[in-house]
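**Q** The following block contains the structure, expressed as structure tokens.
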Amino acid sequence: MSIEKIIQFVQSSNYEQMNSTGAKIQLLRQVIGEYQSSLGLQRLEWTEHGVVGKFIANKHYDMKNPKLFDLLENHGVLSKVVRIKLKQLNETEKLSLQEFCTVGNEYLRFTPIRGNGGYNEEELSVYRKYVTNKNIYDLLDQWKHYKRIYSNFVEHWESIRNLACKEMLSTNQHKVTLPVGKLSVVIPDPNIDTDAAYKMGGGKLLQRSGKINMDQVRLYAARGYFSLSQVYKHLQVENIQTKYLLLTLKSERNMMEGLVQQNNRYSWINLQSEAAWEI
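Here the sequence shown stands for residues 40 to 318, numbered as in our numbering.
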């Protein structure tokens, strides 16, 4: 049984090792990031180690600007680019939209008993002192080493957790108490049909209870409904957060290829849309 495998995973110390390894990875990323920051470099590649570090600036926009909602509504796509948040609806609206909801994907949450499964603070403290005496190349080797170990742990853990979730759902169990902790099936908020919500409450309902999906906005911009410059005209930057990424060159290459494919897709959609408008 999958639930028994979870017990075995935790009791065999694999769960603790997974968390401990994850903590070491975070520590190494922090130390390597501080080293790169001291050099004043936004991107630094260690080619021989196949690793790259980069600082990314993430802009967070105010997505509640009424003029932005008006723009999207005036172009007939508001219900296509907004996702409704259930908690923002009142009870009457929830009841009216009940038949237009689809269940989200369930997942399993494991809560270990206190003192069981977390990483050892003393061990991490010792490791913190250890890394301060290492040069940058040793730190990179350590990061790659623990990254491989951690990935294997997580892959195995996710696999048995998903199987246990299916097992519990098949027997209509949503909570199980184990010697090592508790299992709980978490059911996310349902997906609400935004077209139905728009017909019921119009743009005001979507503005109050919805969140704009910028990927969908870019998609409809590519289709020629409006330009992105029109959208960004109504977007105000609330804050900018800098994030440090440490990844293998292969991962960075895959990430960049994904972005190129996405941009190519938008370009192709734009060309198809222009051809359609000309007919």
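The C-beta atom is built at its ideal place from N, Cα and C for all residues, glycine as well. Only a predicted model underlies this, so the values are computations on that prediction, with no experimental measurement involved.
With distances taken from CA atoms, which of Ile226, Asn97, Val170 is nearest Val327?
**A** The structure shown does not extend to residue 327, since the chain is modelled only from 40 to 318, so the question has no answer here.
**Q** So what does Val91 bridge to, in DSSP terms?
**A** As a position in the sequence shown, residue 91 is number 52, starting the count at 1. Looking at the DSSP output, Val91 shares a beta bridge with Glu84, Leu286.
**Q** Give the single residue among Gly297, Ser59, Thr287, Arg257 whose Cα lies nearest to the Cα of Leu83.
**A** Counted from its first residue, the sequence shown places residue 83 at position 44. Taking only the C-alpha atoms, the option nearest Leu83 is Thr287.
**Q** Cys204: which of Ser190, Ile226, Arg187, Asn303 sits nearest, CA to CA?
**A** Working through the sequence shown from its first residue, we reach residue 204 at position 165. Comparing Cα positions, the closest option is Ile226.
**Q** Answer with buried or exposed for Val165, where buried requires no fewer than 16 other C-beta atoms within 10 angstroms of its C-beta.
**A** Stepping through the sequence shown from its first residue, residue 165 is reached at position 126. By the neighbour-count rule (16 or more Cβ atoms within 10 Å), Val165 is not buried but exposed.
**Q** Suppose only complete runs of 3+ residues qualify. What are the beta strand (DSSP E) ranges in the stretch 123-199, listed by chain order?
**A** 146-151
**Q** To the nearest angstrom, report how far apart Asn113 and Lys103 are at their CA atoms.
**A** For this step, residue 113 is matched to residue 74 along the sequence shown. For this step, residue 103 is matched to residue 64 along the sequence shown. So the two alpha carbons sit approximately 16 angstroms from each other.
**Q** Run through the DSSP bridge pairs and tell me what Lys214 is partnered with.
**A** Locating residue 214 in the sequence shown gives position 175, counting from the first residue. Partner(s): Ser223.
**Q** Nearest-angstrom Cα distance between Asn97 and Thr210?
**A** Position 58 of the sequence shown, counted from the first residue, corresponds to residue 97. Position 171 of the sequence shown, counted from the first residue, corresponds to residue 210. Near 44 angstroms, if we compare the C-alpha coordinates of Thr210 and Asn97.
**Q** Do Leu163 and Ile23 have their beta-carbon atoms positioned less than 8 angstroms apart in this structure?
**A** No answer is possible for residue 23: it lies beyond the span of the chain, which begins at 40 and ends at 318.
**Q** With distances taken Cα to Cα, identify the nearest neighbour of Lys289 among Leu78, Glu43, Val91, Ile45.
**A** As a position in the sequence shown, residue 289 is number 250, starting the count at 1. Per the Cα distances, Val91.
**Q** So, is Ala315 buried or exposed, given that buried needs 16 or more other C-beta atoms within 10 angstroms?
**A** Indexing the sequence shown from 1 puts residue 315 at position 276. At Ala315, the pLDDT of 48 sits below 50, so the modelled position is not reliable and the matter cannot be decided from this model.
**Q** With distance defined between alpha-carbon atoms, name the residue in Glu277, Lys221, Val256, Thr281 nearest to Gln269.
**A** To locate residue 269, count along the sequence shown from 1; it is residue 230. Comparing Cα positions, the closest option is Val256.
**Q** Pick out whichever of Trp196, Ile123, Val142 has its Cα sitting closest to the Cα of Gly249.
**A** One-based indexing of the sequence shown puts residue 249 at position 210. If we check each option's Cα against that of Gly249, Ile123 comes out closest.
**Q** Within 10 angstroms of the Cβ of Val276, are there 16 or more other Cβ atoms? Answer buried if so, exposed if not.
**A** Taking the first residue of the sequence shown as position 1, residue 276 is located at position 237. Label assigned to Val276: exposed.
**Q** In angstroms with no decimal places, state the Cα-to-Cα distance between Gly115 and Ile251.
**A** One-based indexing of the sequence shown puts residue 115 at position 76. One-based indexing of the sequence shown puts residue 251 at position 212. If you take the alpha carbons of Gly115 and Ile251, they lie about 14 angstroms apart.
**Q** Suppose you measure from the CA of Ile279 to the CA of Asp254; what does that come to, to the nearest Å?
**A** As a first step, residue 279 is located in the sequence shown; it is residue number 240 there, counting from the start. As a first step, residue 254 is located in the sequence shown; it is residue number 215 there, counting from the start. Distance between the alpha carbons of Ile279 and Asp254: 19 angstroms.
**Q** Leaving aside the five residues before and after Leu147 along the sequence, list all residues of the same chain whose C-beta is less than 8 angstroms from its C-beta, in chain order.
**A** Residue 147 sits at position 108 when you count from the first residue of the sequence shown. Hits under 8 angstroms: Arg200, Asn201, Ala203, Cys204, Met207, Leu222, Ser223, Val224, Val225.
**Q** Tell me the DSSP bridge mates of His273?
**A** Locating residue 273 in the sequence shown gives position 234, where the first residue counts as 1. BP columns for His273 are empty, so no partner.
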